[in-house]
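Q: Numbered per our numbering, the sequence shown spans residues 55 to 315. We treat Cβ as the ideally placed atom computed from N, Cα and C, and that holds for glycine.
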Amino acid sequence: PTRASGSSCGPRRRGTPRSARRAGPRQGGSTAITDARWLTCRSTGGGGGPRAGTASGVPHARLPPHLPGTGSRELERYQRRTARLNRQVKAVVKELAGRAGARLPAIPAMGLSRHTALRTLLRIPLPTGRTPHVIGADDFALRRRHRYATVVIDAETHERIDVLPDRTANTLQAWLREHPGVEVVCRDGSATYAEAIRRALPHAVQVADRWHLWHNLWEATLSEVKAHSTCWAPVLDAPIYDGPRAQTTLQRWHQVHDLLD
């Protein structure tokens, strides 16, 4: 392969077609190769500057697929990016998706539109992992006060497993029955989720998540303080300490504020 600038990128034909029989990589084998080659330019994902790529001659060869020693091409069919660049682009769009995923590759000179970023994201196959033993279920708003959904995560690795279209008990119950093996379910205080877990997994342990535990503790503490607010009246009405240290502190306070004025 040879380095080519961005202005010279684009397929073009070079040479005169002329068929020939040449010796193959194994003794006694041969292949039909023409001298006509197409110069193809593709981005490699390196730091070669804006719109840089590699231009290589791709011969019109017909090789047996089992023939050893022929190597494998760096690109699959109908690709404009190398395998390494495809991996880099997929890693970016998996984290940033459309517009942001198109802006970041422009910094290391990997041109990418937001439409291509979304198409690349949609081509990435969804992971098909095992169902964890400890999961967490919680609702979130797709459109506040109008539409809600349920997210199911691995409570040990905090990895998202699935997103359910609503937050009803029947939907979560159906998902739990389709994914056996769950032993512990971490949830909020919703009675809907509790009923779904109880019907689908009667032997599963239901636990409350940390945030709701602290939130419930805060609400209980606040209500207890409000209930005993009258007990603070005698303390607040007590006379203020007026000893020598208090007098010295008050004098210094006035001195500092006199200097500020």
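(1) Taking a contact to mean a Cβ-Cβ separation below 9 Å, would you say Thr246 touches Leu276 in this structure?
(2) Beta-carbon separation of Gly235 and Pro186 under 9 Å?
(3) Report buried or exposed for Val147, applying the criterion of at least 16 other Cβ atoms within 10 angstroms of its Cβ.
(4) Assign Leu121 to buried or exposed, taking buried as 16 or more other Cβ atoms, counted over all protein chains shown, within 10 Å of its Cβ.
(5) Would you mind reading off the limits of the beta strand (DSSP E) that contains Thr204?
(6) Determine which residues share a DSSP beta bridge with Gly190 and list them.
(7) Short of 8 Å in beta carbon distance, which residues of its chain neighbour Ala248, apart from the five on each side in sequence? Order them along the chain.
(8) By DSSP, does Asp216 sit in helix, in strand, or in coil?
(9) Mapping the DSSP letters down to three states, classify Leu175 as helix, strand or coil.
(10) So, for His233: in the same chain, excluding its five sequence neighbours on each side, which residues have a beta-carbon less than 8 Å away from its beta-carbon?
(11) What is the DSSP secondary structure of Gln133, reduced to helix, strand or coil?
(12) Work out the CA separation of His169 and Arg135 for me, nearest whole Å.
(13) What's the C-alpha gap between Val188 and His257?
A: Looking at the coordinates:
(1) no
(2) yes
(3) buried
(4) Legend: pLDDT at Leu121 = 46, less than 50; position of this residue unreliable, no value from coordinates given.
(5) Arg201 to Asp208
(6) According to DSSP, which records beta bridges pairwise, Gly190 is partnered with Ile207 and Cys240.
(7) Only Arg241 and Gln260 meet the Cβ criterion.
(8) strand
(9) Per DSSP, reduced to three states, the secondary structure at Leu175 is helical.
(10) Thr185
(11) coil
(12) 16 Å
(13) 13 Å
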